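Protein chains in written order, with the working numbering: chain B, 6 to 228; chain U, 6 to 228.
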DNA sequence: CGACGACCATTGCGACAGGATTACGGCGTG
DNA sequence: CACGCCGTAATCCTGTCGCAATGGTCGTCG
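This is the structure in structure tokens:
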């Protein structure tokens, strides 16, 4: 899961990013509306968390722009005060949820999950593969009755592969899904994660295997 | 799928070529407008990626030349800044899309796919042949419910044959489609690929066969 | 009608690129 | 300060490719 965070208060942004990252969510962060537009143009996110007060304008103007570009990604708007009229205006413009500051990280994550669960959104029910069940929203993995806890990066790899099980996932797609634009990898870090993940999957007897398509990407198959 | 890349920044050009090649797209690359005209005259491409700033002129002048020659190949223009007025000018001259630098390879590929999907262009819906479904845009092949993973070159052979299934594809056409003008083959490499591809197709029971027309080329038939 | 030559099919080989694995060190966390 | 995670890089391993040798098939021409 990857989200775009548009927030100019550094401390808050860092807190949100840290909290979500811990849960296996990749976060692209920017403080400017202009950059946000650029990023949204370049890739698709599972959700967008948007502050209203931004240095270069009202965040809410971002939403019509998105929608007119045909982007249906759910948007959560953060606002200093939870004024009812702000709420209405925002929702009218296509925001999917509102959250007044201050708030608990837990609540933000819960609302994100809720949005992603909605059938209208890019709903993703749990994925079953082999003896394994992957919940791409809660970001957890069960093998049989037992929860398999995986390190963050390996979890992200597994979830994105599971979302397209049986189909090849481009190497580059994996990279953009798992790393944000700040952390560029300049080695085979991805391969290393896949390798370690494979080991864990066989150890846990998950009933799946990760294949490589040389020069193209990876592919999750049940066996 | 084969595209013409006109770009004089070596590093960027290499990055684009590498990225597209990985996805099974053959790339002819030139840094000069003059060479581009020459190449476009000699063969047809599925799309053209064109930088504006070139050593021997503004890339955009290429488009009217193309159009007046009756070439409808879609063109994506790369430009340093995504200025609205540049945008308008370019689109007026017949460019099909604009992409401001810097951009993600993913986006370029996505836009290429989008252009090729347009009905006006050389639209290519999935091709069904036997038990096999070939998606010439995503460059993948399904047999029944299973994805058939093929090495890059064999994949390219299969896709170009599938695009004209039931019709003979000239040997020379296959060669220019699969190799760019830098890598010339001086052996029966093509035959070897066809042979290995045949084996994989029968193994997977794809329900098609590749016939040879002596002295002319190859032909994909369902059986 | 038979034989020769051109063309094609198949397969093994060596080179090479790209992936797999793993040890190491840095870093954060409890 | 001990442990686990992560990125890096060194090493090993495997798939793919172009090539060429061999054997087969088809057409043509004497």
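Just so it is clear, CB atoms sit at the ideal spot from N, CA and C, and this is done for glycine as well. Everything numeric in this text was worked out from a predicted model, so none of it was measured.
Per DSSP, cross-strand counterpart(s) of residue i
{"i": "residue 147 of chain U", "result": "U/138, U/152"}
{"i": "residue 54 of chain B", "result": "B/10, B/81"}
{"i": "residue 62 of chain U", "result": "U/59"}
{"i": "residue 162 of chain U", "result": "Its beta-bridge partners do not exist; DSSP assigns none."}
{"i": "residue 133 of chain B", "result": "B/138"}
Closer than 8 Å to chain B by CB, residue i
{"i": "residue 116 of chain U", "result": "no"}
{"i": "residue 191 of chain U", "result": "no"}
{"i": "residue 154 of chain U", "result": "yes"}
Backbone secondary structure at residue i - three-state DSSP
{"i": "residue 14 of chain B", "result": "coil"}
{"i": "residue 78 of chain B", "result": "coil"}
{"i": "residue 21 of chain U", "result": "helix"}
{"i": "residue 230 of chain U", "result": "Because chain U spans 6 through 228 in this model, residue 230 of chain U falls outside it and cannot be assessed."}
{"i": "residue 226 of chain B", "result": "strand"}
{"i": "residue 31 of chain B", "result": "strand"}
{"i": "residue 37 of chain U", "result": "coil"}
{"i": "residue 174 of chain U", "result": "strand"}
{"i": "residue 127 of chain U", "result": "At residue 127 of chain U the pLDDT is 40, less than 50, meaning the model places this residue with poor confidence and gives no usable figure here."}
{"i": "residue 101 of chain B", "result": "coil"}
{"i": "residue 218 of chain B", "result": "strand"}
{"i": "residue 200 of chain U", "result": "helix"}
{"i": "residue 107 of chain B", "result": "coil"}
{"i": "residue 169 of chain U", "result": "coil"}
{"i": "residue 48 of chain B", "result": "coil"}
{"i": "residue 26 of chain B", "result": "helix"}
{"i": "residue 190 of chain B", "result": "coil"}
Interface partners of residue i on chain B, CB under 9 Å
{"i": "residue 157 of chain U", "result": "219, 220, 221"}
Chain B contact residues for residue i, given Cβ-Cβ distances below 7 Å
{"i": "residue 48 of chain U", "result": "The premise fails here: residue 48 of chain U is roughly 25 Å from chain B at the closest Cβ pair, so nothing lies under 7 Å."}
Chain U within 8 Å of residue i, Cβ atoms only
{"i": "residue 170 of chain B", "result": "no"}
{"i": "residue 213 of chain B", "result": "no"}
Beta-carbon neighbours of residue i, restricted to chain U and to distances below 8 Å
{"i": "residue 173 of chain B", "result": "145, 152, 154"}
Distance cut-off 7 Å: residue i Cβ against heavy atoms of the ligand MN
{"i": "residue 178 of chain U", "result": "This structure does not include the ligand MN; it has no bound ligands of any sort."}
Count the CB pairs spanning the region 173-192 of chain U and the region 130-145 of chain U that are closer than 8 Å, and state whether there are at least three. no
Does the contact criterion of 3 or more C-beta pairs under 8 Å hold for the region 36-51 of chain U versus the region 10-25 of chain U? yes
Flag this pair as touching only if the region 157-171 of chain B and the region 182-194 of chain B have three or more C-beta atom pairs under 8 Å; answer yes or no. yes
Below 8 Å, can you find three or more Cβ-Cβ pairs linking the region 218-225 of chain B to the region 166-175 of chain B? yes
Segment contact flag, the region 133-140 of chain U with the region 211-218 of chain U, C-beta cutoff 8 Å, min 3 pairs: yes
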